[in-house]
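Report on the structure given below.
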Amino acid sequence: MKFQCVSLWLLGIMLILCFVDSHSLRKCLISTDMHHIEESFQEIKRAIQAKDTFPNVTILSTLETLQSIKPLDVCCVTKNLLAFYVDRVFKDHQEPHPQILRKISSIANSFLYMQKTLRQCQEQRQCHCRQEATNVTRVIHDNYDQLEVRSAAIKSLGELDVFLAWIDKNHEVTSSA
Amino acid sequence: MLPRLAVLLAALLSLRPGSNPHGTELPSPPSVWFEAEFFHHILHWTPIPNQSESTFYEVELLRYGIEYWRPIPTCRQTLMLSCDLTAVTLDLYHSNGYRARVRAVNSTQHSNWTITNTRFSVDEVTLTVGNVKLEIHNDLILGKIQSPRPKMAPAGVTYESIFSHFREYEIAIRKVPGNFTFTHEKIKHENFSIQTSGEVGEFCIKVKPSIGSRTNKGMWSKEECISLTRQYLTVTNIIILFAFVLLSGALACRLALQLYVQRRRKLPSVLLFTKPSPFILGSQRPYPETQDTIHPLDEEAFLKVSPELRNLDLHGSTDSGFGSNKPSLQTEEPQFLLSDPHPQANRMLASGEPPELGDSCGNDSSNSTDSGICLQERSLSPGTRPTWEQQVGSDSRGQDDSGIGLVQNSEGQAGDTQGGPALGHDSPPETEVPGEEDPAAVAFRGYLRQTRCTEEKATKTGCLEEESPLTDGLGPKFRACLDDEEGWHPPALAKGYLKQDPLEMTLASSGAPTGQWNQPTEEWSLLALSSCSDLGTSDWSFAHNLASLGCLAAPGGLLGSLNSDLVTLPLISSLHSNE
Numbered sequence: 084m085k086f087q088c089v090s091l092w093l094l095g096i097m098l099i100l101c102f103v104d105s106h107s108l109r110k111c112l113i114s115t116d117m118h119h120i121e122e123s124f125q126e127i128k129r130a131i132q133a134k135d136t137f138p139n140v141t142i143l144s145t146l147e148t149l150q151s152i153k154p155l156d157v158c159c160v161t162k163n164l165l166a167f168y169v170d171r172v173f174k175d176h177q178e179p180h181p182q183i184l185r186k187i188s189s190i191a192n193s194f195l196y197m198q199k200t201l202r203q204c205q206e207q208r209q210c211h212c213r214q215e216a217t218n219v220t221r222v223i224h225d226n227y228d229q230l231e232v233r234s235a236a237i238k239s240l241g242e243l244d245v246f247l248a249w250i251d252k253n254h255e256v257t258s259s260a
Numbered sequence: 249m250l251p252r253l254a255v256l257l258a259a260l261l262s263l264r265p266g267s268n269p270h271g272t273e274l275p276s277p278p279s280v281w282f283e284a285e286f287f288h289h290i291l292h293w294t295p296i297p298n299q300s301e302s303t304f305y306e307v308e309l310l311r312y313g314i315e316y317w318r319p320i321p322t323c324r325q326t327l328m329l330s331c332d333l334t335a336v337t338l339d340l341y342h343s344n345g346y347r348a349r350v351r352a353v354n355s356t357q358h359s360n361w362t363i364t365n366t367r368f369s370v371d372e373v374t375l376t377v378g379n380v381k382l383e384i385h386n387d388l389i390l391g392k393i394q395s396p397r398p399k400m401a402p403a404g405v406t407y408e409s410i411f412s413h414f415r416e417y418e419i420a421i422r423k424v425p426g427n428f429t430f431t432h433e434k435i436k437h438e439n440f441s442i443q444t445s446g447e448v449g450e451f452c453i454k455v456k457p458s459i460g461s462r463t464n465k466g467m468w469s470k471e472e473c474i475s476l477t478r479q480y481l482t483v484t485n486i487i488i489l490f491a492f493v494l495l496s497g498a499l500a501c502r503l504a505l506q507l508y509v510q511r512r513r514k515l516p517s518v519l520l521f522t523k524p525s526p527f528i529l530g531s532q533r534p535y536p537e538t539q540d541t542i543h544p545l546d547e548e549a550f551l552k553v554s555p556e557l558r559n560l561d562l563h564g565s566t567d568s569g570f571g572s573n574k575p576s577l578q579t580e581e582p583q584f585l586l587s588d589p590h591p592q593a594n595r596m597l598a599s600g601e602p603p604e605l606g607d608s609c610g611n612d613s614s615n616s617t618d619s620g621i622c623l624q625e626r627s628l629s630p631g632t633r634p635t636w637e638q639q640v641g642s643d644s645r646g647q648d649d650s651g652i653g654l655v656q657n658s659e660g661q662a663g664d665t666q667g668g669p670a671l672g673h674d675s676p677p678e679t680e681v682p683g684e685e686d687p688a689a690v691a692f693r694g695y696l697r698q699t700r701c702t703e704e705k706a707t708k709t710g711c712l713e714e715e716s717p718l719t720d721g722l723g724p725k726f727r728a729c730l731d732d733e734e735g736w737h738p739p740a741l742a743k744g745y746l747k748q749d750p751l752e753m754t755l756a757s758s759g760a761p762t763g764q765w766n767q768p769t770e771e772w773s774l775l776a777l778s779s780c781s782d783l784g785t786s787d788w789s790f791a792h793n794l795a796s797l798g799c800l801a802a803p804g805g806l807l808g809s810l811n812s813d814l815v816t817l818p819l820i821s822s823l824h825s826n827e
């Protein structure tokens, strides 16, 4: 009798966990080598950020923009920002130097891979986009539009470290070797 | 008209505000950059060329994303090329970064701003280590890495709190004498241990931190050195030493106890007795003299003999006039005082050694009527070499011998020579030797079995021959040649033992010519034997004359009786004649 009770309790707990998991309370795991991306960025950071002539303007790091995003919106915001970079920033930026271009390309490819991983995560966990997430995405896009395209692209590229740091913080990323 | 306009234009241009009266603007600093460690952010810049004494620089800081530049008043100093901006960049680790700009300011001018190339963020902080503590524990070096604790850090903000995960350290170990750097190890914890495996010397260790998930650069720490010495006094060593000492102490005590228990104890004086030296055939005697000397005994001593002995029919019908009073001495204590003409013999007697018994049995013509234990003395003195063999040889022929015969075979001594011719081995008879024989011949030869073969006759003859030259002055000499006679040779069985008497000697000393001796040697010897046997063990009786008389007295009667008597002689086994 006791054994049956215990087993029932265990089953109930497991169900609850699965339920919670299905509601994406758990963070989505992005098994990407973030460290590699960060290293690539560090190598071109100086060159790119030096071209940024508008230090008092920011696109991503508006006051408490990214810091204020709640865990439920993380999946949506990550998805939107990845799309932002891949669809707008990398396309708008024209890099004359091949070495820098190479690094940017590797970063872009990594972003594509992350998008793919996130899509799978999204299908399983139903990555909802709530209003707050949508609002944040819209602000970023508006900031990007306020600047000249070239300057905006450069500035967005220069703020990649902010984006990558935010991903590290909000997603359970496997540590790189 | 035109030239006036040109001059006016030039004047106007020169008066344009902002223009350098010298014609050149103040250059801005070529580069500006941050050099930051954990909560230690320093802005550096390069000076402008042609820097004058009144040039100073201005610094402004912009937090990335906020629109206004904030001037930093603390950096408004002359000729300083760096400025500490830690105080104004405290939230560097939670923000997106800062930008700073610097310009040169002159008394009249200021240059353009030079902005830092990169956005100053956490990524630009160089990681450092506070300090490394090393300890030695047995064979290990234990190290503890401490994170930096800057003063400017706000309360509650630590290195571990900001970089909470993936802290890693690289350790470089260097052995001082060899200046050889060991392989770097990467560890993921602040505590580490290095196995030295018995190496001795000084080890210097430095550490470089890093964050696994970040691209921050690390800086090598200061070298911490520690020296390893061979420890002999470790706890385990001391314990082992104590155990060893205890064990050895216990062992020593046990050994001492055992020795004490088994120590040679002295017998009480009461129990002490002087053993007569055992009669060891062939053993070397410390005494030079190997001959038994038989000393004349006082007649009085004989009288003291118990009457029992008188009645002893030891010699059977051989009792003659003399023998009755003289019981077998063998059953008596030695009451005889043996005056030793030869001091050596005295010594021997004193020691109670069988040397006296060691008369050669087989060969010597000693008049013995008894026990038949012919003690063949081998080596009474180092000089003597009693030939056991000789005696044996002679005895072997005479099976009636007891078998124990002492043959004195001192080469240089008369005793041997006496038996020499008889034996035919060594020590050839020498005329000289007889003279020397005296001391040897005096020695008691022991007992010869009566039943002897005729072979011994020859020996006896030899003995007798030798006896002849012997002087009377000499002590009686026992010859072992007396036993066998042709007369009574037929009875092969040893019926008894005849003591070898010196009576023969007396016979010899009587001066009878050897020729005379030769013929009746057998008879004489028998007579002597018989008579002497009557005397029993009275070989000690040392009146030559008496003996001779006695011996010669009844040759005939004795002869007849000898046959039976000798045969029937009971075994007289007393060997105490030595005493």
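Sequence order for the protein chains is P and S.
Quick note, the working numbering runs 83 ahead of the 1-based positions in the first sequence.
Quick note, the working numbering runs 248 ahead of the 1-based positions in the second sequence.
Don't be surprised by glycine CBs; every beta carbon is placed ideally from N, CA and C.
Give the secondary structure of residue i by DSSP, where H, G and I count as helix, E and B as strand, and everything else as coil.
i         : result
Thr429(S) : strand
Ile453(S) : strand
Asp194(P) : Note on identity: in this sequence residue 194(P) is Phe, with Asp being the wrong assignment. Of the three classes helix, strand and coil, the one that applies to Phe194(P) here is helix, per DSSP.
Gly460(S) : coil
Asp251(P) : helix
Phe282(S) : strand
Ile393(S) : strand
Ile99(P)  : helix
Val377(S) : coil
Lys128(P) : helix
Gly345(S) : coil
Leu382(S) : strand
Ser239(P) : helix
Ile296(S) : coil
Leu388(S) : strand
Phe368(S) : strand
In angstroms, rounded to a whole number, what distance separates the CA positions of residue i and residue j?
i         : j         : result
Ser416(S) : Ala498(S) : Looking at the sequence itself, residue 416(S) is Glu, so the reference to Ser does not match. Looking at the two C-alpha atoms, the distance is approximately 56 Å.
Arg266(P) : Glu372(S) : The structure shown does not extend to residue 266(P), since chain P is modelled only from 84 through 260, so no value can be given for it.
Val405(S) : Pro398(S) : 10 Å
Asn298(S) : His358(S) : 14 Å
Ala133(P) : Asn386(S) : 55 Å
Arg274(P) : Ala284(S) : Residue numbering for chain P in the displayed model covers 84 to 260; residue 274(P) lies beyond these limits and cannot be assessed.
Glu383(S) : Lys465(S) : 28 Å
Val350(S) : Trp293(S) : 8 Å
Gln150(P) : Lys454(S) : 38 Å
Phe124(P) : Asp244(P) : 7 Å
Gln198(P) : Thr145(P) : 24 Å
Asn344(S) : Ile142(P) : 11 Å
Gln592(S) : Thr522(S) : In this prediction, Gln592(S) scores a pLDDT of 47, lower than 50, which makes its location untrustworthy; the coordinate-derived value is nonetheless stated afterwards. One C-alpha to the other measures close to 20 Å.
Leu507(S) : Lys514(S) : 15 Å
Val424(S) : Phe440(S) : 20 Å
Ser458(S) : Cys473(S) : 22 Å
Ala500(S) : Gln394(S) : 56 Å
Can you tell me which residues form a DSSP beta bridge with residue i?
i         : result
Ile435(S) : Tyr417(S)
Val350(S) : Val307(S), Thr362(S)
Asp332(S) : Ile290(S)
Pro319(S) : Glu308(S)
Cys501(S) : Cys501(S) is not bridged to any residue.
Lys423(S) : Phe428(S), Phe451(S)
Cys473(S) : Cys452(S)
Gln443(S) : Leu388(S)
Gly313(S) : Beta-bridge pairing links Gly313(S) to no other residue.
Less than 8 Å between the CB of residue i and some heavy atom of the ligand PLP, yes or no?
i         : result
Glu450(S) : The ligand PLP is not part of the structure shown, which contains no ligands of any sort.
inquiry  = Please list, in chain order, the residues of the stretch 361 to 385 of chain S that have any C-beta partner in chain P closer than 7 Å.
reply    = Cβ contacts with chain P come from Ile363, Asn365, Thr366, Arg367, Ser369, Asp371.
query = What are the residues of the stretch 211 to 232 of chain P that lie near chain S, defined by any Cβ-Cβ distance shorter than 7 Å?
reply = Listed in sequence order: no entries.
task = Quick one: which residues of the stretch 333 to 358 of chain S get their C-beta closer than 7 Å to a C-beta of chain P? List them in chain order.
result = Taking 7 Å as the Cβ-Cβ cut-off against chain P, the residues of the stretch 333 to 358 of chain S that qualify are Asn344, Arg347.
key: Contact set between the stretch 305 to 316 of chain S and chain P, restricted to residues whose Cβ is under 8 Å from the partner   = Of all residues in the stretch 305 to 316 of chain S, the ones placed with a Cβ closer than 8 Å to any Cβ belonging to chain P are Leu310, Tyr312, Gly313, Ile314, Glu315, Tyr316, in chain order.
key: Cβ-based contacts, 8 Å cut-off: residues of the stretch 451 to 478 of chain S near chain P   = Listed by position along the chain: Gly460, Ser461, Arg462, Thr463.
Runs of alpha helix (DSSP H) lying entirely within the stretch 135 to 213 of chain P, each at least 4 residues, in chain order = If we require 4 residues or more, the alpha helix (DSSP H) runs fully inside the stretch 135 to 213 of chain P come out as 154 to 167, 181 to 208.
ask   = Which residues, taken in chain order from the stretch 119 to 135 of chain P, show a beta carbon closer than 7 Å to some beta carbon of chain S?
value = Residues Glu121, Glu122, Gln125, Lys128, Arg129, Gln132, Ala133.
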